[in-house]
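Number of protein chains: 2
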Amino acid sequence: MISREHCLAADARDPLASLKSRFSLPDGVIYLDGNSLGVLPRSARERSLEVLEQEWGSGLIRSWNTAGWFELPGRLGNKLGRLLGAGEDEVVITDTTSLNLFKALAAAVRIQREQAPQRKVIVSERDNFPTDLYMMQGMIDFLQQGYELMLVDDDHPLESLLDDSVAVLALSHVNYRTGAMYDMAAVSRLAHRHGALVLWDLAHAAGAVPVDLNGAEADFAVGCTYKYLNGGPGSPAFIWVARRHQDRFWQPLSGWWGHAAPFAMQSDYQPAAGIRRYLCGTQPILSMSLVECGLDVALEADMQALREKSLALTDLFIQLVEARCGQHPLTLITPRDHAARGSHVSFRHPEGYAVMQALIARGVIGDYREPEVLRFGITPLYLGHADIWDAVEVLRDILDSRSWDRPEFRQRASVT
Amino acid sequence: MISREHCLAADARDPLASLKSRFSLPDGVIYLDGNSLGVLPRSARERSLEVLEQEWGSGLIRSWNTAGWFELPGRLGNKLGRLLGAGEDEVVITDTTSLNLFKALAAAVRIQREQAPQRKVIVSERDNFPTDLYMMQGMIDFLQQGYELMLVDDDHPLESLLDDSVAVLALSHVNYRTGAMYDMAAVSRLAHRHGALVLWDLAHAAGAVPVDLNGAEADFAVGCTYKYLNGGPGSPAFIWVARRHQDRFWQPLSGWWGHAAPFAMQSDYQPAAGIRRYLCGTQPILSMSLVECGLDVALEADMQALREKSLALTDLFIQLVEARCGQHPLTLITPRDHAARGSHVSFRHPEGYAVMQALIARGVIGDYREPEVLRFGITPLYLGHADIWDAVEVLRDILDSRSWDRPEFRQRASVT
């Protein structure tokens, strides 16, 4: 059986261990929710004061030029692109994942409208991240042109829905609830073979697992920067568009920042060349600037080393929970197969909500997702093997003592 | 003739003079561009560190509840609503002005689609803020349902275009270039008399002039918080929807934050009741939190006193420029009529671009807008009469000495 000493020894050998010092983590907390909101990079304090006091306070309007605000979405997008297998000028940081999904979906719909107008079905999964489905529904409902959303249920093969009515296949690379990961290249090939375009949501993948968008010949991708990329609460999201599609159409959220000549104040929209046409309105410069702090730490880590550590830690977590909490009604819903696993691990428990509140009260912060799911994000940038051991020990104690069984842990908060 | 001493005496009597101390202004600068990007409230430093270190760094995911992140768009929206003649739960702070315009326009289009489907024209002005026109064009082009945009040219009466084909009249309350202001109540009545809904862009009005959305019986309004409201570069925008329209339809940018039960993780979108359905994705919490710093100063000022001072300063500016720079080819394009003037003043000059660069080099920061327009934002929260006197004196000197006539002042920057 693995002991805490084994874990400490593994940590001593960890080539990524030093990266933890780049983050400011609260005392007494084991943070297993970096897949929901990442942690604070130490460099963010200085950077935020610089943006606030120098760029805004002193530079004022001049900072659009002198502080490079106008270039920020593309400059940071290029940095992020290195983690996603994207080329230069293929990614911009902007808006929210929901909005970027709308842009990408609209572009895909327009491409199909021209090349295969009978394709009016958007295929996704019932278990996809809800806001993705809501945006698809919003677009379909507004267009009123006979588009429809077809949702695959768990364990139903995707291929059964892919026929010549399908315009777009829109999936999450890593499932937000289960942590299950698709083979992006294989699924993209499958979609293309059936004439569909493929749109990937990388919210639970970017910075967490190796991604190779161009290698997979994907068409569109979106995602967020506030989870594994540690960009800060609600930091702006990103969008990637394959170069072959970039200049084909303009997307309908066509604001000034995506205009070919944004300062000519023309009354007609003319899209900028390339990925910049996916920009829309003025971006929150302070929140966007801090994205760079988290990105820079992620770029220092070797992605293969990060992936190896992620798999080692998620394996360890599963193994310890099953060994030490095996008599409790916990059901693993995350794939054991490495190739099909992202960087978080989820177990169902009939009292999942209360168990998670009890964990949080003891400083082990994961999160709860309907239905009954205890979700634990395992972020190798700042977690070690001993953290996993300690977290499982708290879980074991809570389950053995039934200390989750208290009214205050059953009380639902407004935001869970 | 007015002297600098007269100006100093007026400043000594100014009941709003003390508010200047709430802002951090760079030395050696007279800032006449608060209509483009407002200045830094002194409280923003402490608040940003609190959000960064306590809310994000220590609170982490818990801050959605404990720091009230989930309530932020509505709580700040209610504060802002007091400046706009809006009721409780009629305004949210979120996304960008461009995106909020898309949401409002989509909602208006849906209302008309149901009640008057033959109405397919959106009327605006050729001189409206370009991004507003771009968003209208983006929607029309994507919908492909026969909608069209008709643009009124300067001095062409709006009424001539308002017939029973018009679905929506979309205007800026204060024109970004000229500073001309519409009578919101009269124009809203005119639109309604012709069966059109009216959508106001308040970007150059919110915090600058008294606005009474409910009093004017407007239908929709959007605007930004980073100009006269001093929310910070690219701080999130706002949207107001008249209560009578709020629950009629959902707008197509229907993300998780606008869902009736956002944490139930349902696969079907169900809009929240009221204005919350105009929220979409996760917001940039740091940038949004700082909106409150500027709002709190604006709420301390009496809006009527602010308006009186704004008119006094814009009158003074016009009077001094005409008296002291009268021999130069400057043409006032801002209305002299108080009822038709916002809070900025614009002059055309054939060498406007170079003149503005020369002014900026001397610390008088206004901005240039195509074509040939020198634009000066007059923000009474932190400007006094002597500032206006000093700014005009620099302008006079630059024009008299022709010191604008240098290659470096003709060189166009990437962002103007």
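Residue numbers (the working numbering), protein chains in the order written: chain A, 63 to 478; chain B, 63 to 478.
Ideal Cβ placement from N, Cα and C applies to all residues, glycine included.
Being a predicted model, the structure only gives us computed values, none of them experimental.
Taking the straight line between their C-alpha atoms, what separation do you get for residue i and residue j?
i, j, result
"W262(A)", "H406(B)", "46 Å"
"G439(A)", "A453(A)", "12 Å"
"D203(B)", "Y209(A)", "17 Å"
"G119(B)", "W302(A)", "29 Å"
"C69(A)", "P77(A)", "14 Å"
"I460(B)", "V417(B)", "7 Å"
"A268(B)", "L146(B)", "7 Å"
"A334(B)", "L81(B)", "39 Å"
"I347(B)", "R104(A)", "18 Å"
"L361(B)", "H411(B)", "36 Å"
"G317(A)", "L341(A)", "7 Å"
"S65(B)", "Y444(B)", "21 Å"
"D462(B)", "R386(B)", "10 Å"
"L33(A)", "E384(B)", "Nothing in the structure corresponds to residue 33(A), since chain A is present only between 63 and 478."
"F300(B)", "E370(A)", "44 Å"
"E150(A)", "E434(A)", "42 Å"
"A475(A)", "H235(A)", "29 Å"
"R468(B)", "Y93(B)", "23 Å"
"L111(A)", "L102(A)", "15 Å"
Buried or exposed for residue i, please, with buried defined as at least 16 other CB atoms from any protein chain shown within 10 angstroms of its CB.
i, result
"M212(B)", "exposed"
"Q345(A)", "buried"
"R124(B)", "buried"
"M63(A)", "exposed"
"E413(B)", "buried"
"S372(A)", "buried"
"G90(A)", "exposed"
"A72(B)", "buried"
"Q206(A)", "exposed"
"P391(B)", "exposed"
"H400(B)", "exposed"
"D95(B)", "buried"
"D217(B)", "exposed"
"Q473(B)", "exposed"
Note down, in chain order, every chain B residue with its Cβ under 9 Å from the Cβ of residue i.
i, result
"D429(A)", "I123"
"P88(A)", "G119, S120, G121, L122"
Residue i touches chain A at which residues, Cβ-Cβ below 9 Å?
i, result
"F410(B)", "Here residue 410(B) turns out to be Arg, not Phe, going by the sequence shown. Per Cβ cutoff of 9 Å: no residues; R410(B) is ~14 Å from chain A at best."
Just to confirm my understanding: we take residue i, look at its own chain, exclude 5 residues before and 5 after, and list those with CB closer than 6 Å. What are they?
i, result
"F311(A)", "A169, R172"
"Y415(B)", "Y430"
Would residue i and residue j qualify as a contact pair, given that the criterion is a beta-carbon distance under 8 Å?
i, j, result
"Y290(B)", "G296(B)", "no"
"G294(B)", "A420(B)", "no"
"N190(B)", "L233(B)", "yes"
"A178(A)", "G257(A)", "yes"
"V260(A)", "D226(A)", "no"
"L122(B)", "I427(A)", "yes"
"S465(A)", "R437(A)", "no"
"R84(A)", "V359(A)", "yes"
"I450(A)", "L375(A)", "yes"
"L315(A)", "L161(A)", "yes"
Given residue i, which residues of its chain have a CB within under 8 Å of its CB, disregarding the five upstream and five downstream residues?
i, result
"R137(B)", "G130"
"P397(B)", "T240, G241, A242, M243, R403"
"R109(B)", "S351, L352, E354, C355"
Only counting the same chain, and skipping five residues up and downstream in sequence, which positions put a Cβ closer than 7 Å to that of residue i?
i, result
"A402(A)", "A242, M243"
"A363(A)", "L78, L81, L443"
"A148(A)", "L275, N276, W302"
"S349(B)", "G294, G296, S297, P298"
In chain B, what lies closer than 8 Å to residue i by C-beta?
i, result
"Q345(A)", "T158, G296"
"W312(A)", "G200, D203"
What residues from chain A crowd round residue i, counting only those whose CB sits closer than 8 Å?
i, result
"D95(B)", "L122, I123"
"E432(B)", "F325, A326, M327"
Please list the partners that residue i has in chain B, where partner means a Cβ-to-Cβ separation under 7 Å.
i, result
"T240(A)", "The premise fails here: T240(A) is roughly 12 Å from chain B at the closest Cβ pair, so nothing lies under 7 Å."
"M365(A)", "Result: empty, since nearest Cβ-Cβ is about 24 Å, beyond 7 Å."
"W131(A)", "P295"
For a contact defined as C-beta to C-beta under 7 Å, what are the partners of residue i on chain A?
i, result
"Y196(B)", "S316, G317, W318, H321, Y331"
"T193(B)", "G317, W318, G343"
"R188(B)", "S329"
"F164(B)", "L315"
"A168(B)", "F204"
Quick check: does the Cβ of residue i come within less than 7 Å of any heavy atom belonging to the ligand SAM?
i, result
"A335(A)", "Looking for the ligand SAM in the displayed structure turns up nothing, as the structure carries no ligands at all."
Using a Cβ cut-off of 9 Å, which residues of the stretch 102 to 117 of chain A contact any Cβ in chain D, in chain order?
Among the chains of the structure shown, chain D does not appear; the protein chains present are A and B.
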